[in-house]
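Top line first, the protein sequences correspond to chains E and C. Going by our numbering, the letters in the first sequence line up with residues 137 to 403, in that order. Going by our numbering, the letters in the second sequence line up with residues 1190 to 1326, in that order. Comments concern the structure below.
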Amino acid sequence: MANRFRLTIFAAVALTLAAVSFAQNLPWNNPGRAQNPNQQQGGAAGPAPRRDLTGIWDAGGEGIGARGYPTSPLTPWGEEVSKTHKAGDGSRMVPVAEINDPLSIMADPAGFPRILLFELRPFQVVHTPNSVLMLYMFEKRWRVIWTDGRQLPKDPDPRWYGYSVGRWEDNYTFVVETVGMDERTWLDNSGNPHSDQLRVEERYHRVNQNTLELTLTIDDPKTYTKPWIPRNKLPLRLLPPGTDLMEMIPSASEAAAYRKVMAEPSR
Amino acid sequence: MKKRVFGVVLAAVLMTAAPLAAHHGAASFDTEKEIMLKGTVTEWIWANPHCFLKFDAMDDTGTVRNWAVETANPTDMSVRGWRRTSFKTGDQVTVTLQPVKNGAPVGRLRKVVLANGETLGTTLPGAAPAPAQQPGR
Chain E
137 MANRFRLTIF AAVALTLAAV SFAQNLPWNN PGRAQNPNQQ QGGAAGPAPR RDLTGIWDAG
197 GEGIGARGYP TSPLTPWGEE VSKTHKAGDG SRMVPVAEIN DPLSIMADPA GFPRILLFEL
257 RPFQVVHTPN SVLMLYMFEK RWRVIWTDGR QLPKDPDPRW YGYSVGRWED NYTFVVETVG
317 MDERTWLDNS GNPHSDQLRV EERYHRVNQN TLELTLTIDD PKTYTKPWIP RNKLPLRLLP
377 PGTDLMEMIP SASEAAAYRK VMAEPSR
Chain C
1190 MKKRVFGVVL AAVLMTAAPL AAHHGAASFD TEKEIMLKGT VTEWIWANPH CFLKFDAMDD
1250 TGTVRNWAVE TANPTDMSVR GWRRTSFKTG DQVTVTLQPV KNGAPVGRLR KVVLANGETL
1310 GTTLPGAAPA PAQQPGR
C-alpha cells in the first residue's frame, strides 16, 4: 500500500515537471505557427473527436484574404453601395491616401463575416454547456454561438458581429447561422458590401484530430443576385495547446499615425 | 555620421515574392523601381497595421531627407525574424525599398542590412517566398 502511494506521488511529480518543462519551452508570443510551412505539425493525425472543435485553429496565409473574393452578380442596390467603397486592395483598390475602409481608417470593428474573410488569424474554440465561443487573435474579439436550441431573432438590432446559433449536423460537422449584421461593415478587404438582409452559414467539418474545414456561404438577396461561397473547405490546422498568441489589434491611434506618416505624404 | 545615396534604380522588376505590405495593394507605389539607401535610423515603430522604419539618408544632390518605409504588421514580421528591438535610434542601416510614385520620401521596405551585416528580409526564413496575399492596409 505504501509502495503504491509512493509510486502515485512519484508519477504525479514527474508529470507535473514534464508539463512545466514543456510549458517553459513554449514561445510566449506566438504569431501562429502554421503560417510557416516548415513549422506545421508532423506525424499522422488521429481520428476526429466526436462533436468537439476545442482548440486553437490556424488557416495560415490562406486566412488573410487581402484581395477579397469574387462574388455573385450585384443587384442594382449592391452596385450603388459598392461604388462608395474605396478599398485598399482587390477590384476597388485606390491609393492608400484615398482608402475609406472603416476598419483600416477608423479602426471600426472588422465585424462578421469579415473576421472570417480577412485576417482570419488563429482563433480558439471553447465549448460551454449552452454555447460555442470563438476567440479571434485578430482584433482580440469573440463571438458567442448559441447551441441551446434557440431560434434566430426575427428582427434583430444590428450588431457588428451579428447573432449566431449553431447545431451539429452530424458528429463531425458544426453548422452556424448568423443574422443581424451591421451594414457599416464590409464583407472583405476589397469592399464587397452587404445589407441588413445578410445571412451567413458557416460549416465546420472536423476531418481528423488536426484538421478542420470551413465553408462559408453568403446569402444577401438585397445585395447579390444569388448566394455565393467565398470560403470552400478552407483547411484549418490545430495549433499546439498552450500557444500564447500575439496581440493583433487595430487601434485608432495607430491607424491615425499610419495615415499621417505613410498615407498622406504619398498623395 | 556619413549618409549618402548608395544606389538608385536597381532594376525594373516585378518581384517574384509579393510585397508583404498589402492590406493595401500597390496603387501608391512605383512597383517597377527599387532603390537602396544608406542611412541612420531615427525611429522604429512596431505597430499595426504596419510597422515602419524612419531613417535619414542623403540623396544625390546632398540633401538629407527623413524616409518612412513600411513593413507588414508585427505578427507577420515576427515570423520573419523581426523584433520590436530590431533597431534603435542611431543605427546605421542599408535599406532597399520601393518608393511611392509622387517622389515623397516614403515607400515600402524590401530588406535592411544592419551595420553588423545581418539582413532582415520580407520572406519567410528557409521557406518559400511570402504568400501572394499578405497583410498591409
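The C-beta atom is built at its ideal place from N, Cα and C for all residues, glycine as well.
Problem set entry | Cutoff 6 Å; reference D356 of chain E; Cβ partners in own chain excluding five residues on either side | Same-chain partners within the cutoff: H330, S331, Q333, L334.
Problem set entry | One or two residues paired with R277 of chain E in a DSSP bridge | Bridge partners of R277 of chain E: none, in fact.
For this session: Note down the Cα distance separating V1284 of chain C from R277 of chain E, rounded to an integer number of angstroms.
Result: Between V1284 of chain C and R277 of chain E, the C-alpha separation is close to 36 Å.
For this session: With 8 Å as the limit, tell me which residues of the segment 375 to 386 of chain E have their beta carbon closer than that to any beta carbon of chain C; keep them in chain order.
Result: In summary, the residues of the segment 375 to 386 of chain E whose CB is separated from some CB of chain C by less than 8 Å are M382, M384, I385, P386, in the order they occur in the chain.
Exercise. Opposite S267 of chain E in the DSSP bridges: which residues?
Worked result: The beta-bridge partner set that DSSP reports for S267 of chain E consists of E:T264, E:W282.
Problem set entry | Length at least 4, wholly inside the segment 318 to 369 of chain E: the alpha helix (DSSP H) runs in chain order | Taking only runs of at least 4 residues, no alpha helix (DSSP H) segment lies wholly in the segment 318 to 369 of chain E.
Problem set entry | Unbroken beta strand (DSSP E) run spanning R1297 of chain C, endpoints | According to the DSSP assignment, R1297 of chain C belongs to the beta strand (DSSP E) that extends over 1295 to 1303.
Exercise. Between which two residues does the alpha helix (DSSP H) carrying T1264 of chain C extend?
Worked result: In the DSSP assignment, T1264 of chain C falls within the alpha helix (DSSP H) that extends over 1263 to 1268.
Exercise. Thinking just about the alpha-carbon of each residue, which of E:E349, E:G224, E:T353, E:W193 is nearest to the one in T379 of chain E?
Worked result: Closest by alpha carbon: E:W193.
Exercise. Between N325 of chain E and G247 of chain E, which are expected to be in contact by the criterion C-beta below 8 Å, what is the C-beta distance as a whole number of angstroms?
Worked result: About 13 Å separates the two Cβ atoms, so there is no contact after all.
Exercise. So, is P265 of chain E buried or exposed, given that buried needs 16 or more other C-beta atoms within 10 angstroms?
Worked result: Counting Cβ neighbours within 10 Å, P265 of chain E comes out exposed, since fewer than 16 surround it.
For this session: Give a yes or no on whether the minimum CB-CB distance between N1255 of chain C and chain E is below 7 Å.
Result: At a cut-off of 7 Å between C-beta atoms, N1255 of chain C does not count as an interface residue with respect to chain E.
Exercise. Taking contact to mean at least 3 C-beta pairs separated by less than 8 Å, is the segment 1262 to 1270 of chain C in contact with the segment 1299 to 1315 of chain C?
Worked result: Yes, they touch.
Problem set entry | Rounded separation between P386 of chain E and D318 of chain E - CA only | Cα to Cα, P386 of chain E sits roughly 19 Å from D318 of chain E.
For this session: Locate the beta strand (DSSP E) running through R303 of chain E, then write down its first and last residues.
Result: Membership of R303 of chain E in the beta strand (DSSP E) is indicated by the continuous run 299 to 306.
For this session: Can you say whether W1256 of chain C is buried or exposed, counting buried as having 16 or more other CB atoms within 10 angstroms of its CB?
Result: Buried, since its Cβ has 16 or more Cβ neighbours within 10 Å.
For this session: Verify the CB distance criterion: does E390 of chain E have a CB-CB separation below 7 Å to chain A?
Result: Note that chain A does not occur in the displayed structure, where the protein chains are E and C.
For this session: Give the interface partners of R403 of chain E over in chain C, defined as CB-CB distance under 8 Å, in chain order.
Result: Contact of R403 of chain E with chain C by beta-carbon distance below 8 Å involves N1291.
Exercise. Counting pairs of beta carbons, one from the segment 1240 to 1248 of chain C and one from the segment 1212 to 1224 of chain C, are three or more of them closer than 8 Å?
Worked result: A contact between stretches requires three or more CB pairs, one per stretch, nearer than 8 Å, and the segment 1240 to 1248 of chain C fails this requirement with the segment 1212 to 1224 of chain C.
For this session: Given a cut-off of 7 Å, decide if T309 of chain E and T211 of chain E are closer than it, judged by their beta-carbon atoms.
Result: Not a contact, by the Cβ cut-off of 7 Å.
For this session: Hey, could you find the ends of the alpha helix (DSSP H) E390 of chain E is sitting in?
Result: E390 of chain E -> alpha helix (DSSP H) spans 388 to 394.
Exercise. Cβ atoms of A393 of chain E and A233 of chain E: under 7 Å apart, would you say?
Worked result: Taking 7 Å as the Cβ cut-off, A233 of chain E and A393 of chain E do not qualify as a contacting pair.
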